[in-house]
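Heads up: the protein sequence lines correspond to chains A and B, in order.
Convert by adding 113 to the 1-based position in the first sequence; the result is the number in this note's numbering.
Convert by adding 506 to the 1-based position in the second sequence; the result is the number in this note's numbering.
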Amino acid sequence: MTTATAPPITLPDEPSMLTRFRWAVTDTLTITRRNLIVWTRVPAYLVFTVIQPVMFVLLFRYVFGGAIKIPGGIPYVDFLMPGIIAQTAAFATFGTAIALAQELKKGVIDRLRSMPMARSAVLGGRLVADTGRMLVTILIVVGVGYAVSFRFLNGVVPAILMIVLATVFGLSICVISAYTGLAIGDEESVQAFGLIWLFPLTFLSSAFVPISSMPGWLQAFANNQPVTYIINTMRALALGGPIEANLWKSLAWLAGIFLVFSPLAVRAYKRAS
Amino acid sequence: MAEDGPGPAILVEGLTKSFGDVHALRGIDLVVPRGTVLGVLGPNGAGKTTAVRILTTLLLPDKGRALVDGRDVVRQAAAVRRSIGLSGQSAAIQEELTGRENLEIIGRLFHLSWPAARSRATELLGQFDLSDAADRSAKNYSGGMQRRLDLAASLVGRPQVLFLDEPTTGLDPRSRLGMWDIIRSLVEGGTTLLLTTQYLDEADELANEIVVIDHGLVIAAGTAEELKSRVGGDVLEFTVPDRSRISDAVSAIVNIGEGEPHADKETGIVSVGVGGRGSDALVDAVRSLDGAGVRTQGLALRRPSLDDVFLALTGHAAEEEEQAVKGRRGRGRGKGPKGDDTKAAS
């Protein structure tokens, strides 16, 4: 049997709603699977996503940590870990933007868009795979944290909620990265752009040092930006303490990011060229 | 075949598309009967890729109508996607995966079951001479192998209509001939093919019908023979070894030819259409060039090529335009296939 003489695959002209839903799910899983296989085959991705945060943990714990005094007598490693975990989640999204930019450039996205697969699957599969990858990375970092004497002080459920919050935060940054990756469409520019906004946002926050130790003008920024709200919420979940104000602000920011950037990412995918 | 819908495989009427001030397509019409090959010929930036992107539902047209396999590419885009295959200018494959994995995933996305996707992949790998490399990472494939894998990927869904956008750009001559063989066998099997190319010999070799596109308009259409007969008779051609004498050579033969002589300052090749005057023109040219004291090499008459057709239709050579456009693109965002252009031109 050769390609050309074989009968064409017969597909109904208008698949039912149910069939389309089923395809959306299976197509998303197929793309997820593909992306996860790719992740395991490229050592550089593994190194960047896993080794880099582990190095940060060790660097801040043992090199800078001794010089940083936390008010209230909390051990620095306990203060540090929620911040590192949030940063890990945010930085894991570099991969999202870079992978989409590469696929765009190589014509992979053109091919997939010219196929009768679910339109939502490329972005959906990318986000599912990258969130899974992020969760693995977060768990590894938590494990390393435990090895260097970090402890959750507030019970199991809040600890799990902290990891969930970190993952949802990472997913929101993933959506932004998906948009920038598709809109910019060039690997190197995407990478540079990621550094330009993610570095200041994570370092100029409560992630590594108490904001009260920063100069006044910087405090004004650091105290009122979303990453600080997220990290303060995570810290409260991990270590105990007041949570209310930071939690609502975090949820509002997350909702806002999803509401603005999901449609932008979908539009960029539809128009991608 | 019973599955074939009525009407041609591709029907395009008055298609236009602009990107801001750039009018990529300014109203083109095309008809491609089922089971035939249409070669779309034109320099880089002529609008070929824009046309392919509209026909494969990747881009919405501004005006006009396009049917592929009897379905409207705008209103029935989902149905069109079930009938087509697309292989673009760069190999759209996942390099980290093996050849087999690439094809299996495409099969799954065509909603084949796992066993069906697996056997389709095996079948295509065999057909494209990739069985030995099937389980190696596609990163280690040669350029020709990557293109073959890409073409195989476009055939997973057994398309009625196949779009190949510059399938041999950037390939070495041997891989190019191999690709031609594969394309020929697809066509023998009854697939309708729309092929864009910058290479005139490629269109000559593969296409039943050719349309020439320049600046977003179809400027000529017909079989290769019909287009060649437009040039009208033979072409007189010679090389001027001393490049500084090219203009003297051109003025010496300007009254001998039927059209404007064309001179390539890089290669020193001067050519002019001489209609049916064949040998008379040859004798006149020798006398005239001798009188002007211009030394030449390889003065001869030859049958017109599609290069001459392009020259006669547009007033410029396909390659020159390509160079000019490339220069512009190089300074721009550089979305073209990285590195392929330079290889293609050499």
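C-beta: ideal position from N, C-alpha, C; glycine also.
Just so you know, these numbers come straight off a predicted model, no measurement behind them.
> Using the beta-carbon count (16 or more within 10 Å), is Phe744 of chain B buried or exposed?
Replying inline: buried
>> Do Asn267 of chain A and Leu193 of chain A count as a contact pair if the criterion is CB distance below 8 Å?
In response: no
> Which same chain residues, not among the five before or five after Glu804 of chain B, have their C-beta less than 8 Å away from its C-beta?
Replying inline: The amino acid at residue 804 of chain B is misidentified as Glu; the sequence shows Gly. Contacts found: Glu743, Phe744, Thr745.
> Does the beta-carbon distance from Ile560 of chain B to Pro549 of chain B come in below 8 Å?
Replying inline: no
> In chain order, what residues of the same chain have a beta carbon less than 7 Å from the beta carbon of Arg174 of chain A, not counting five sequence neighbours either side?
Replying inline: Val190, Leu193, Val261
>> Taking 8 Å as the threshold (C-beta atoms), are Leu314 of chain A and Gln332 of chain A in contact?
In response: no
> Is Glu607 of chain B close to chain A, meaning its C-beta is less than 8 Å from at least one C-beta of that chain?
Replying inline: yes
>> Strictly by DSSP, which residues pair up with Leu252 of chain A?
In response: Per DSSP, none; premise fails for Leu252 of chain A.
>> Less than 8 Å between CB atoms is the rule here; does Ser129 of chain A satisfy it with respect to chain B?
In response: no
> Is it a yes or a no for the segment 754 to 772 of chain B touching the segment 710 to 726 of chain B, going by three-plus beta-carbon pairs under 8 Å?
Replying inline: no
> Which word fits Gly613 of chain B, buried or exposed, when buried means at least 16 other C-beta atoms lie within 10 angstroms of its C-beta?
Replying inline: buried
> What are the partner residues of Asp578 of chain B, as DSSP defines its beta bridges?
Replying inline: B:Leu573
> Tell me which same chain residues have a C-beta within less than 7 Å of the C-beta of Pro747 of chain B, skipping the five on either side of it?
Replying inline: Gly774, Arg801, Gln803
> On the three-pair Cβ rule with 8 Å, is the segment 601 to 615 of chain B touching the segment 636 to 652 of chain B?
Replying inline: yes
> Going along chain B, which residues have a C-beta under 8 Å from Pro229 of chain A?
Replying inline: Ala584, Arg587, Arg588, Phe616, His617, Gly663
>> Quick check: the Cα distance between Glu826 of chain B and Leu817 of chain B, rounded to an integer number of angstroms?
In response: Low local confidence applies: a pLDDT of 48 at Glu826 of chain B is under 50, so the model's placement there is unreliable, and no value is given.
> beta strand (DSSP E) containing Lys523 of chain B: first to last residue?
Replying inline: 516 to 525
> From Leu706 of chain B to Val718 of chain B, what distance separates their C-alpha atoms?
Replying inline: 10 Å
> So with Cβ pairs under 8 Å, would you call Thr141 of chain A a contact of chain B?
Replying inline: no
> Is it true that the CB of Asp223 of chain A sits closer than 8 Å to the CB of Leu564 of chain B?
Replying inline: yes
>> Is the beta carbon of Val815 of chain B closer than 8 Å to that of Leu733 of chain B?
In response: yes
> Taking Cβ-Cβ distances shorter than 9 Å, what residues in chain B pair up with Asp223 of chain A?
Replying inline: Arg559, Thr562, Leu564, Leu592, Gly594, Ala598
> In chain B, what lies closer than 8 Å to Ile150 of chain A by C-beta?
Replying inline: Glu602, Leu603, Glu607
>> Short of 8 Å Cβ to Cβ, which residues in the segment 633 to 655 of chain B face chain A?
In response: Gln633, Ser643
>> Cβ closer than 7 Å: which chain A residues qualify as neighbours of Val611 of chain B?
In response: Reading the sequence as shown, one finds Ile at residue 611 of chain B and not Val. In chain order: Thr143, Arg147.
>> Could you tell me the alpha carbon to alpha carbon distance between Asp510 of chain B and Val373 of chain A, rounded to whole angstroms?
In response: In this prediction, Asp510 of chain B has a pLDDT of 49, which is less than 50 and means its spatial position is unreliable; what the coordinates show is noted afterwards. If you take the alpha carbons of Asp510 of chain B and Val373 of chain A, they lie about 45 Å apart.
> By Cβ distance, which residues of its chain are closer than 7 Å to Gly553 of chain B, with the 5 residues on each side in sequence left out?
Replying inline: Ala530, Leu531, Ile719, Gly722
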